[in-house]
Structure formats: structure tokens, C-alpha cells
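Numbering (mature numbering (1 follows the signal peptide of the UniProt record, and there is no 0)), first residue to last: -30 to -1, 1 to 766.
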Amino acid sequence: MKSRKTKKKLMAVSMAAAIFLPLPLDSGHAASPSATAKNEAMLVKIHLKNRADLDKLLSYGIDLTENLDQHAGQGMEADAILTKEEMEILQLRGYKTDVISTQHEIETLRQERQFTVQQEKDLAAAKDKVTILRANYFTSQGGKFLYVEAKSDAGALNSTVLTATWDNGKNTAPGSGGTAALERNEDADVYMYHSMLLPVDTRPSTVNITSSLGGTMEAKVTDWIGGKKPTPGKHYVSDFTDHYMTPTELDQRITKLAKHFSSIAEIVELPYETNGYRRKAQTMIGEQANPASAVVLTSKKWGHEGGNSITLQAVKQEGTNLPLTIDTKENTIVVKLATDASGQSSSKAKDVIQKINAESGNLVTATSFRGNSGEGYVTPTEKLKLTDGLKAPESISREPHTMKAIRIGKHRDGSKAGVLLYSQEHAREWVTPLVSVETAERLLRNYSTDKATRKLVNNLDIFIVPSVNPDGATYSFYDYNWQRKNMTNHCGPEKSDPALRNTWGVDLNRNHGTGSVYDGYLGSSTDCQSSVYGGPAELSEPEAKNLIWLADENPNVKFAMNVHSYGGYFMWPPGAYKALGRETLPRPTAGQEAFFWSASERILQQIKEYRGTTILPGRTGPVPDVLYSAAGNSADALWYNYGIYAWDFEVGADLWNARENKWEPVGFQPPFEEGHEEAMEFSNGLIGMMDVAYDYEHDKKAPTSTLHVKRSMDNATLEFSTSEPATIYYTTNNKRPTFSSKKIKISGIREGAEKPVLEQTATVKWFAIDASGNIENHYKPEGKKDNYRSQTVKVK
Ligand SMILES: [Zn+2]
């Protein structure tokens, strides 16, 4: 039965004020709570049996609103403004009522409103402070762009508008290039920053931002990824991929490579076998449209191990009052449905389920459809064949898979800095393993002729896992191309009918143990059907365990790249936050953040070199600042537990369509010509990352630092600068600085190093340490010598 909802105007009885005609009060109910409570007006839903009920209500002259819900034959509901006292009287007269909202709630709403209005007034009076975080010019695939990020300290208000104006280059009039409002970026109810990305005709020299509240700031435009092209060696060879590769092909390729280049490469078999590209065979008696009569059958054995050869048929018996029986011969199950006195089939789904489980339980498990109680009658069927539904040719193994890494390096004994590259956590990201395999080939095939390659292979210990999700990837190639997760089904029988097969599996980039959904972080789910299912527990999946095993076994690994597609991002930790207050995992120090940025520019420069693709500055940075929270991702596990500089690539940057002036996304499985280009450019990026690792390994130079002091009337602001990206540890209480002292963090999302403020005279003692662990002055924080830096800062 459907309820009919009508909205009816009741203007005639909707009076301005709630003048309630006196109702006879039942004695004894008059003297109760305080007068104010009794007088408090509320919005109340009154449940009415019929029209007559409504008419009676109208005759009382109460303040009805213009909302009346009528349910055909089921009574109706009218909303009214009532005082508490009036409501109590109606209740005594037998009306059922529900409070919708109270005056008190409205009061809160008023206060909120007043607060915001006042906030805006205060801020307008004070003028907001505008900070330009970046003003970048870059080219990408033939287009020219201006990117601006700015923050207002009144940015929490939606009404704060930032407007950019820019010139047409050096010595041109301010504003001659153009003007545009910036977009306000908010996430999880927290204001982040304003930003703007626009094509321009010429490179602007200066950008000015003006806030609607009066704040203003000007900044010089700098180049993003605009350095000079690295010169490749004369005999450098590349381009070894000519089609998308399945996990089976990837295994064959790296195995062959390791064999051919056995002096500088080997295969590492990872210890945890995957579930395998396999499924139980299934079928269903009846239809989804009639769930009470449906029975889901699932083989006990895997499909390829016998499940696929099971058949089942439900047949009608001739005769009256016959019992339900089952004949099972080898793999053939025949269900003979019971008949009633008139000879009709009379077995209910629940009875058939019980009977099959009791008598054919060695072959199959029978369950009802999605938890239905199974009270419907089963109808006879054709002969049904159980199937695992898998479409890959028989040459593709159905057995648990041993995942493989190719380890490349002249010295593979843990003595050299390790680099870990892994791709295809998400099965459908077909381009990503190509990036990894191309990189392996370049390192091996250029070793004998190219000096730069030899330098990397001789000095680094490189682990490459082309596919972290081989079962899911095989499924994506042959069965369901959008498969993201692995193939393990953790859903119970209620969510395990064959129609749901594409919803099973665990998101391997949500199954890790740091900042996971189980720790309360956002961006993952405990629902087995969710596309971001974190698994039944942290690290439940062999694929995720294998990655952690590599980090455990090889403490020399200092850099990692988690290769995904598609979006053209370059990101680093933290990768997750809690919804409440958007509290992220601890952010890297300002020095570490600076290291991530400086390494990024080098890596992105290499990517750009291939076909001019620029990873946007707005897509470069800590994961939650540029994308979203991803609870339980693998890069966080590597950074927070192993101190590995762990990046994420999203290969496949949007393509710039200059004719139509717009960006166009490339997708998970672009035409191979495009996939190939992405593999080439991002392989460049991986080589760039190895250059970073090489420099890290060979950086023996200690950083130097300077303390700048800005004095005001009653305090002093400390500002540290360093000769290279380095973390500052400092004290102001006269103690030696150590690794447990305060460290300089970044001051906010997308902002630079914080600037501590001293309220009284103190001696600042500090040291700087770079990414490679070199310490300024060769100071030993845990030692005895006092060769840290020191400066007395006077405050009046
Ligand atoms: Zn992905």
C-alpha cells in the first residue's frame, strides 16, 4: 500500500499568533512545571485518525502550519505550533504528538546566526590577513597556465572572497593580464585554502590578491617545473612495452629479465601466497525478483577443482501429498519438490535449503537469497550448472599466486640505500605495472652502456613489484574491468549470491595498519561490499602483508613509490585524517616537508621532459591537502613505521585540449597509445626518484642554519633558515637540544615553517639535521659536547 502525500494550504486557520481557544483542563494537570516551560512554543506533529479528527482540531483554532500529510486509509498528520501546555491538553484528549523542533532549538539557531554575523563584522573591521601560498606559472602539453593558492585568516567564512589580478609580464600594468575570483577549498568542514588554475597568454610577473574583507597581498610569480632538461646519455635505450600486461605476463617478463641479467638482478618470491584467481561455483534456483522463493547454491570446492561440474535441477513430482526428496549421483543433484493434496509443488525455499544442506552438503551449501526467510514456494527448474563465472583462458592459473619482486642492484646485500617501487594495488589501473616494468628494463638494458644508469644500479638496491594485486588484476583483464580490490570474498552468505560477485574483495590500499578505518580514520569502510573496504582486520590480506614483509626484511629501504592511476598526482604522507576536526596523522616536520617538495620538483621535472606533461602544483603535496583521506593506505604504513620516504604517484595526468580550452581525464584503461605515453613519462619519474635516492646516499655534507629574529614591542619571532631541507630541533629553556626537543613543524596546510614567538628573553639552542641524517657542526644530540648552535634573544 502506498501512502499519498499531499501538501495542503491551510491559510484560513494559520493565524499569526497562537491564540488557543480555552479547552477544559482536566483537574490536577494544571499545576505542573514552571510557567515558562509551559509557555514555550514548539513545532509539533499531531497524528490524526481521519478528517473528522482534523476538523475537530481546526475548531480549537490552533496554529496549524501549511503541511498536512495524508496517508490513504492510514490517517493523517498535521503540524502545528503549540505551547507545551497546549500539547499536554491535546494528549489528554487522545491525540498522539511528536515534537519536531522547540523554541529552545530556534534560540540556538539565532545565536549561531548572530555569532557568524558578529564574526563577519569583527573581521571586516579588522581587515583579514591574506597570505599567498604559491603563485606559479607553468606550461603543460602546449598550454600556458597560472596557478595561485592563497589563504585568508577569515577563510572559514564562505562569504570571504579572494580575487586575483595579474599583469602581462615584466613592466606591464598591474592587472593587465586579467582578474578572477579564487575557488574556496573546504574539506571535512575545515577551510583549507583558496586556489585558481587558469590558462594565460603570457607569463605574468606579479599576482595581487584582494579579499572582500580588505586584506591584500602581492607576490612574484615563480616557475613550477621549469628547470632545464636533463640530458640523456647517448646510448640510452627505452620503450619496452607494446601492450597492457596481465600479471602472468608481468611475472614472465621480470623472470626472464632476472635470468638474463643475473649479475645485477634476481627474483624475490614474496612469502604470503594470494587467495588466487578462483571462486566457488554458484547458481540460483528462482529469481532475484522473487526472493522468498530463491535458493542460492555455492559449491564446497573451488570452481576449477570440481565446483564447475556440479548440476542441480528442481523437478515437479507427479502425484499428490508427496514428500520433498533429493537424489544425488556424483555431481548431479535432483531436488524432487513436495506436492500438496491437489498435486501442486509445495516445497518452500527454506525447506529445500535445509534438505540440500542435509543431504548434498558434501557438494554444495544452500542459502536463502540475501537473508530472506524463504517462505516462498520453489518452482521447478531446468538443469542448472554451477559455475565460478571466471572467463580467463585455462592457461591462466587458478592457484594461489606467489607474488614476485625483481631486485636490481650490483650489491644486493642491504649495504646500499633501498628503493621500493610497487604498482597496481588497484586492479583496474592497467598502466601502472607498465611504469614499473619499463623502469626495470631501462635499469638493466642501459647498465652496460649508460654511465648514469650504472651509477644508480651500482649504488642502490632496487625492489620492483609490478603488480601488488595479481588476482584482482587478472579479474580486471578477463572478467570485470572496473575491479579495484583483490578477489577475496569476506562477505557472509547474505551478500554472497552470484549477482554481487563484483562487489567482493579488499581494497589493498586501505588494508594497512597505520591510520586505518579501525583506528577511526576516514576514507575506508568496514562494509565488505564497499569499494574502499579495509578488510576484516588490519593487514588481513596476503598482498598487503607481502609489502610490509619487504620493508621488514630490508631495513635499507629508504624510498618508496606507490604507483596508482589516474589523475596526475604526486603525494606524500600524511595520507589520512579523522573526520572530527580533520585531525591528520602527524605531519612531517617542516624540514622533511621541504625535502619532499625539493625531491618532487626533480622527479616532476623528469616526467615533464618526456612529452611536456606538468603535474599540477595543486596536485602535488600531502595526500589530504590535495586529494582526500585514505585510511589504512600503504605509504603511511611505510613512512610512519619504517621512516621510508613514501610517495604516491597517480599516473595519467589530465590532457590539455588547447582547442577547447579544457582538461580531459584519461581514465583507468586509456587506448594503449596513451597508456604507453604515461608509462614512458612516469618511468622517467621513477628514474628521477632513484637520482634522489642516490644523492641521499651520497650526501655527507652537514646542513647549516641561520636564526633570524624579528622583534616587536613585547615579543620576538624566531625564523630559521637552512642551507638545504633540514629539520630544526630547538630549546628555549637552556637545555641541550636533542631528538626529544621541540622541532619546527609546518605552520598550516600548504604553509611554510612555523615561526615560534618568544615572550621573554631566552637563549635559543638548536641544531639542524638533513634527510640523510647529517647534523650541523657534527653535533651529537645524545653525546656530551655542546657544539650545537646557540643565540640569546632579548625581549623587553
Ligand atoms: Zn589506485
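We put the beta carbon where it would ideally sit given N, CA and C, even for glycine.
Spanning the alpha carbons of Thr86 and Gln258 requires a straight line of approximately 52 Å. By the CB criterion at 9 Å, Glu329 and Thr298 fall inside the cutoff. When DSSP reads this structure, Met531 sits in a beta bridge with Leu391 and Trp617. Separation of the CB atoms of Gly588 and Ser165 is rounded to 6 Å, and the pair is thereby assigned contact status at 8 Å. Under DSSP, the beta-bridge partners assigned to Asp740 are Ala696. The residue among Ile234, Lys361, Asp321 and Val334 with its C-alpha nearest the C-alpha of Gly344 is Asp321. Contact annotation: Lys15 and Glu47 have beta-carbon atoms nearer than 9 Å.
Chain-ordered, the residues whose CB falls short of 7 Å from any heavy atom of ligand 1 come out as Glu395, His396, Glu399, Asn479, His534 and Ser535. For Arg572, the enclosing alpha helix (DSSP H) covers residues Ala560 to Arg581. Excluding sequence positions up to five before and after Ser599, its CB lies within less than 6 Å of the CB of Leu492, Gly493, Ala546 and Tyr547, all in the same chain and listed in chain order. If you draw a straight line from the Cα of Asp33 to the Cα of Ile51, it is about 5 Å long. Within the stretch 390 to 440, the complete alpha helix (DSSP H) segments at least 4 residues long are 401 to 415 and 421 to 429, listed from N- to C-terminus. The stretch 605 to 623 and the stretch 523 to 531 touch, with three or more beta-carbon pairs separated by less than 8 Å.
Of all C-beta pairs linking the stretch 457 to 470 to the stretch 225 to 242, fewer than three are shorter than 8 Å, placing the two stretches out of contact. DSSP, reduced to helix, strand and coil, places Gly273 within a helical segment of the structure shown.
In the DSSP assignment, Asp321 falls within the unbroken alpha helix (DSSP H) covering Ala319 to Glu329. The beta carbon of Thr295 is closer than 6 Å to those of Lys306 in its chain, skipping five residues each way along the sequence. Ranking Lys578, Arg572 and Asp618 by CA distance to the CA of Pro594 puts Asp618 first.
In the DSSP assignment, Ile585 falls outside any alpha helix (DSSP H), carrying neither H nor E. Distance from Phe565 to Pro695 at the Cβ level is roughly 4 Å; contact confirmed, criterion being Cβ atoms closer than 8 Å. DSSP lists no bridge partner for Glu300. In the DSSP assignment, Leu354 is bridged to Leu282. Rounded to the nearest whole angstrom, the C-alpha separation of Pro506 and Arg377 is 32 Å. Your pair Gly246 and Glu369 checks out as a contact, with CB atoms roughly 5 Å apart and the cut at 8 Å.
For Ile432, same chain residues with a beta-carbon under 6 Å away, outside a window of 5 residues either side, are Ile378, Gly379 and Val389 in chain order. Note: Met541 is bridge-paired with Gly591 and Asp618 in the DSSP secondary-structure output. The beta carbon of Asp420 sits closer than 7 Å to those of Gly203, His205 and Tyr206, all from its chain and outside the five residues before and after it, given in chain order. For Phe652, the three-state secondary structure derived from DSSP is helix.
Remark: C-beta atoms of Tyr503 and Arg480 approach each other more closely than 9 Å.
In this structure, the beta-carbon distance from Leu360 to Arg248 falls below 9 Å.
A distance of 9 Å or more separates the beta carbons of Ile366 and Gly561. Considering only Ser760, Glu219 and Ile745, the residue with the shortest C-alpha distance to Pro440 is Glu219. Looking at Trp400, Tyr392 and Ile714, the one whose alpha-carbon comes closest to that of Ser406 is Tyr392.
Check the Cα spacing between Ile224 and each of Glu408, Tyr664 and Val487: the tightest is with Glu408. In this structure, DSSP gives Ile224 a helical state, which the three-state scheme calls helix.
A Cβ-Cβ distance of about 5 Å is found for the pair Ala387 and Ala663, placing them in contact under the 8 Å criterion.
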